[in-house]
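Note that my numbering has the sequence shown beginning at 1224, numbered continuously upward. We put the beta carbon where it would ideally sit given N, CA and C, even for glycine. Bear in mind that the values here come from a model prediction, so they are computed numbers and not experimental data. What follows is one structure encoded as structure tokens, with my remarks underneath.
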Amino acid sequence: MSLPRLLVSLAVVLSTAHAVAAEAVVSMELADPAAGQPNVFPHIPAASATDAGNAAKLTLIDGQRDGNGAQLTCLNDGKLADSADAPRSNFFLSPAVPSGRLLVEWDKPHKLHAIRSYSRHPDGRGPQRYAVYVRPTAKPAPAEALATDPKSAGSGWSLLAEVDTRPLGGAPAGCAVAITPDETDKAAAQRVGLGRHRYLLFVLEKVDPADRFGQTFYSEIDLDDGAEHPPAPKLPGRSTLEIEGGYAIDFDTTETPQLTAWVDKVLKPTCAEWYPKIVAAFPTEGYKPPKRFGITFRADMNGVAFTAGTNVVCAGPWFENNLQGEAAGAVVHELVHVVQQYRRGPNRTPGWLVEGLADYLRWFQYEPVENRPRPNLARAKYTDSYRTTAAFLDYVTRTYDAEAPAKLNDLSRRGEYTEQVWKDLTGRTADDLWLEYVQSQRNQ
Ligand SMILES: [Zn+2]
């Protein structure tokens, strides 16, 4: 079987009443698997590592990335997939979403000569199916405007081109698409290209809506403005972890490079597992926990860690000394604070309970059983905060109400916590519950 090399210039789409851009022409090609050189296309140039994508910010503003694939940054590295089925080398959408919107932003308009996209997969994930929209503005647009559905009236987006390579079939050696200005009038094509754009919006569609896993494996998107854009220097120690549920965590160990390996190896998997668990453990109707937050390590900081809003800040020296012990658990405690976001107000939850709930999830859910705290009962009280309050909450949970921590969290988040809550939950005051707890421990 011989595969078609060049497949016609398809769809001429954009109507240019005012000639700010030549009409866009879409060409598509497969690399020939028999040629022994994957990702080499008859006419469409090889992927570029220095295109204007390096100067752009790429954000998935709708839809969800598949966590089995690469981050969005893989679309900008000039590298194509090194095998026919290489999920880690490709960006692709989750099976859960029918489509996604990828926003490209520059800090100033760029005159585009071509847009090229590359994918690779032998079967249903090989073909590309998307539309590109542009926005006739040189000025910054507000995020809400950029997030409007481009198909809705008055969205401010206009269609540049539609791509559908399904007629080519699978792409075991790679599939390339080029969107270029119509060259019928060469001078005009040169002069205006695809237009000057500050924003592009790619609407990525499932290849086959009936195929659950039919999401294109995108290896690269090149935005060619004719200039060389050196890749942004990689900042070692800065990385974003995208996790289940559409959450993203920005890690920063630039001040403490000695912690980067531990963050990558231990902390990231811990956060990926536990942030969604904590979200699920502490729900409130209508409440959405932070979708994105940061964890930053400071070289010159005393103490352990704190959370301010959506910023977790960790003391580098303490972490360095506790990597084999309490380090990861200390961050789990802070993750609870990120999820808590309690209201301030007349019924503000006392600090000992805020910390007790954080330590309850940490010590009685996250940490192994043998690490559970055992307060010194001769001196302790439930208002001692942290581990002591956590042990007290564990007693109430085991003895009276398995939902007690979730209920206390919910009331706290609504700003409705009062001392009466303990009576409502257990029929006893907090002081009485503490005496019971102390007695129960002595009887053991
Ligand atoms: Zn705390």
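Neighbourhood of residue i by C-beta distance below 7 angstroms, restricted to the same chain and skipping five residues each side
i: P1513; result: T1533, V1561
i: M1224; result: Unreliable placement is indicated for M1224, whose pLDDT of 37 sits below 50; no coordinate value is reported for it.
i: D1305; result: S1312
i: Q1664; result: L1600
i: V1231; result: Unreliable positioning characterises V1231 in this predicted model, as indicated by a pLDDT of 40, which lies under 50. A coordinate reading is not provided.
i: L1458; result: T1477
i: D1431; result: G1347, G1437
i: V1661; result: L1600
i: A1240; result: With a pLDDT of 37 at A1240, under the threshold of 50, the modelled position of this residue cannot be trusted, and the question is left open.
i: F1529; result: V1536
Residue i, enclosing beta strand (DSSP E) - first and last residue
i: P1395; result: 1394-1404
i: V1502; result: Run containing V1502: none in the beta strand (DSSP E); it sits in the alpha helix (DSSP H), 1491-1504.
i: T1463; result: 1461-1466
i: S1381; result: 1381-1387
i: L1369; result: It is not in any beta strand (DSSP E) - L1369 instead sits in the alpha helix (DSSP H) that spans 1366-1369.
i: K1280; result: 1280-1285
i: L1298; result: Note, L1298: premise wrong, no beta strand (DSSP E); not H, not E.
i: T1507; result: Where T1507 is concerned, there is no enclosing beta strand (DSSP E), given that its DSSP letter is neither H nor E.
i: Y1640; result: Looking at the DSSP string, Y1640 is not in any beta strand (DSSP E), and its letter there is neither H nor E.
i: A1531; result: 1528-1531
i: F1516; result: 1515-1521
i: D1431; result: Here D1431 belongs to no beta strand (DSSP E), and DSSP marks it neither H nor E.
i: L1471; result: One detail in the question is off: residue 1471 reads as Ala in this sequence, not Leu. Residues 1470-1475.
i: S1442; result: 1441-1447
Nonlocal neighbours in the same chain, by C-beta distance under 8 angstroms from residue i, ignoring five residues either side
i: Q1667; result: none
i: T1493; result: A1551, V1554, V1555
i: V1236; result: Its pLDDT being 40, under 50, V1236 is placed unreliably in this model, and the value from its coordinates should be taken loosely. Excluding positions up to five away in sequence, the list reads E1246, A1247, V1249, L1382, L1383, A1384, E1385.
i: K1604; result: T1611, W1657
Limits of the alpha helix (DSSP H) - the one that residue i falls within
i: H1560; result: 1550-1563
i: G1574; result: 1574-1584
i: V1320; result: Segment: none, V1320 is in no alpha helix (DSSP H) and carries neither H nor E.
i: N1544; result: 1539-1544
i: R1665; result: 1653-1665
i: R1419; result: Looking at the DSSP string, R1419 is not in any alpha helix (DSSP H); the run it does join, the beta strand (DSSP E), is 1419-1428.
i: L1606; result: Sequence inspection shows Thr at residue 1606; the Leu mentioned does not correspond to that position. Note, T1606: premise wrong, no alpha helix (DSSP H); not H, not E.
i: V1644; result: 1643-1649
i: L1253; result: L1253 -> not in any alpha helix (DSSP H); beta strand (DSSP E) instead, spanning 1247-1253.
i: A1412; result: 1409-1415
i: D1633; result: 1627-1637
C-beta contact flag for residue i and residue j at 7 angstroms
i: G1347; j: D1289; result: no
i: R1521; j: G1548; result: no
i: V1429; j: G1418; result: In the sequence under discussion, the amino acid at residue 1429 is Lys, which differs from the Val named in the question. Cβ distance not < 7 angstroms, so K1429 and G1418 don't count as in contact.
i: E1443; j: L1303; result: yes
i: A1247; j: A1399; result: no
i: L1325; j: F1425; result: yes
i: G1393; j: L1335; result: no
i: Y1341; j: W1380; result: no
i: R1677; j: Y1422; result: There is no way to answer for residue 1677, as the model of the chain reaches only from 1224 to 1667.
i: W1586; j: A1625; result: no
i: T1483; j: A1471; result: no
i: A1401; j: A1337; result: yes
i: P1499; j: E1467; result: yes
i: G1292; j: P1310; result: yes
i: Y1623; j: T1652; result: no
i: T1620; j: A1627; result: yes
i: G1323; j: L1427; result: yes
i: S1635; j: Y1589; result: no
i: A1368; j: P1332; result: no
Residues of its chain near residue i, where Cβ-Cβ distance is below 6 angstroms and the 5 sequence neighbours each way are ignored
i: T1371; result: S1378
i: A1244; result: V1415, L1417, G1418
i: V1320; result: G1286, Q1287
i: P1598; result: T1611, A1614
i: P1301; result: Residue identity differs from the one stated: residue 1301 is Gly in this sequence, not Pro. The residues are A1270, S1271, A1272.
i: V1592; result: none
i: G1517; result: D1473, N1534
i: T1479; result: F1520, A1522, G1539
i: I1284; result: R1324, L1326, A1370
i: M1524; result: A1538
**Q.** Touching by the beta-carbon criterion (3+ pairs, under 8 angstroms), the region 1576-1592 and the region 1548-1567
**A.** yes
Q. Residue ranges of each beta strand (DSSP E) run of no fewer than 3 residues wholly in the region 1330-1361, ordered along the chain?
A. 1337-1344, 1352-1357
Q) Do three or more CB pairs link the region 1343-1363 to the region 1386-1398 at distances below 8 angstroms? A) yes
Q. Can at least three beta-carbon pairs, one atom from the region 1402-1410 and one from the region 1362-1376, be found at a separation below 8 angstroms?
A. no
Q. Quick check: the region 1606-1615 against the region 1632-1649, are there 3 or more CB pairs under 8 angstroms?
A. no
Q: Would you check if there are 3 or more beta carbon pairs closer than 8 angstroms linking the region 1275-1294 to the region 1446-1453?
A: yes
Q.
I want to know whether the region 1619-1639 touches the region 1564-1574 - three or more CB-CB distances under 8 angstroms.
A. yes
Q.
Measuring CB atoms only, is the region 1314-1328 touching the region 1278-1298, in the sense that at least three cross pairs come out at less than 8 angstroms?
A. yes
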